[in-house]
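Residue numbers (UniProt numbering): 1 to 282.
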């Protein structure tokens, strides 16, 4: 998969696309301190864990020429759900769910079974890396699994990927990373310890990265880029099969199925591509 350029990329002409043929989204923010310890969020659809001070160092999300409106002072992340943004001063509504091909995307999800997944698509890439694995959530149910899903996503980014939009259907999975929500459960502490260690190993800091975080509710039926990536991550966590495959975006569509038989269909795709060499390993 084509890597992104290390460091802040030069301004590039935007390519706004729509529909499944054009999956995408991007962000732009003003310089804002990314640690707010006086604000605690509650998840939109999934169970919560009592929160305490978050300690994860979060890279900035400052980027020019973006499809997303700039983050205003005090805002830390986005949500495509307007109600979620209205309830939190530090969340900005993001109605645009299309792809910005100048940026990479990483969508993550987690299940109460302990299975969690990540889907990564590089900037201007026509391929996606899809991963899923299991980890003991230490009694935290889906909450810990969501955190481990985010950690898996961070670990899936190539070390030279410094411009990425993170997506999740569980708002706190992203809020934990930007300082909008705090945590104390050991599973979440462990997960964000992994996040911090991964970024340190990759040399990712606030000064040389452009991270953006956008909550997007799951199980939608529109054909947007965000919905596609979220649904794939959800299906991969549901399949409960250890996975690390690289597929074309056309094949990725096959992993967006919903309803009866969805898991079996996704497992068939995993089986077909599990022995295909990952592009990033070449």
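Beta carbons: idealized from backbone N, C-alpha and C, even for Gly. Remember, predicted model here, so these are calculated numbers, not experimental data.
For residue i: DSSP bridge partner residues
| i | result |
| --- | --- |
| residue 211 | 164 |
| residue 177 | The partner list for residue 177 (beta bridge, DSSP) is empty, contrary to what the question assumes. |
| residue 245 | 130 |
| residue 109 | 117 |
| residue 79 | 93 and 215 |
| residue 104 | 164 |
Expected contact under 8 angstroms - CB spacing of residue i and residue j to nearest Å
| i | j | result |
| --- | --- | --- |
| residue 117 | residue 150 | Rounded, the Cβ-Cβ distance is 11 angstroms, inconsistent with contact. |
| residue 232 | residue 119 | 5 angstroms |
| residue 138 | residue 187 | 4 angstroms |
| residue 153 | residue 166 | 7 angstroms |
| residue 69 | residue 79 | Not quite, the Cβ-Cβ distance comes to about 13 angstroms (not below 8 angstroms), so this is no contact. |
| residue 164 | residue 103 | 7 angstroms |
Residue nearest to residue i in terms of C-alpha spacing, selected from the options
| i | options | result |
| --- | --- | --- |
| residue 184 | 161, 144 and 214 | 144 |
| residue 172 | 77, 272, 271 and 73 | 77 |
| residue 210 | 105, 193 and 134 | 105 |
| residue 252 | 125, 177 and 74 | 125 |
| residue 225 | 260, 121 and 275 | 121 |
| residue 260 | 273, 235 and 275 | 235 |
| residue 96 | 272, 227 and 274 | 227 |
Cβ-Cβ distance between residue i and residue j below 8 angstroms
| i | j | result |
| --- | --- | --- |
| residue 130 | residue 229 | no |
| residue 215 | residue 84 | yes |
| residue 67 | residue 92 | no |
| residue 127 | residue 269 | no |
| residue 123 | residue 101 | yes |
| residue 219 | residue 162 | no |
| residue 217 | residue 87 | no |
| residue 202 | residue 159 | yes |
| residue 115 | residue 262 | no |
| residue 98 | residue 141 | no |
| residue 169 | residue 223 | no |
| residue 147 | residue 239 | no |
| residue 177 | residue 189 | no |
Residue i Cβ short of 7 angstroms to the ligand GTP heavy atom set
| i | result |
| --- | --- |
| residue 243 | Ligands displayed in this structure: none; no statement on the ligand GTP is therefore possible. |
> Which runs of the beta strand (DSSP E), 3 residues or longer, sit entirely within the segment 221–271?
Replying inline: Counting whole runs of 3 or more residues, the segment 221–271 contains the beta strand (DSSP E) stretches 243–248.
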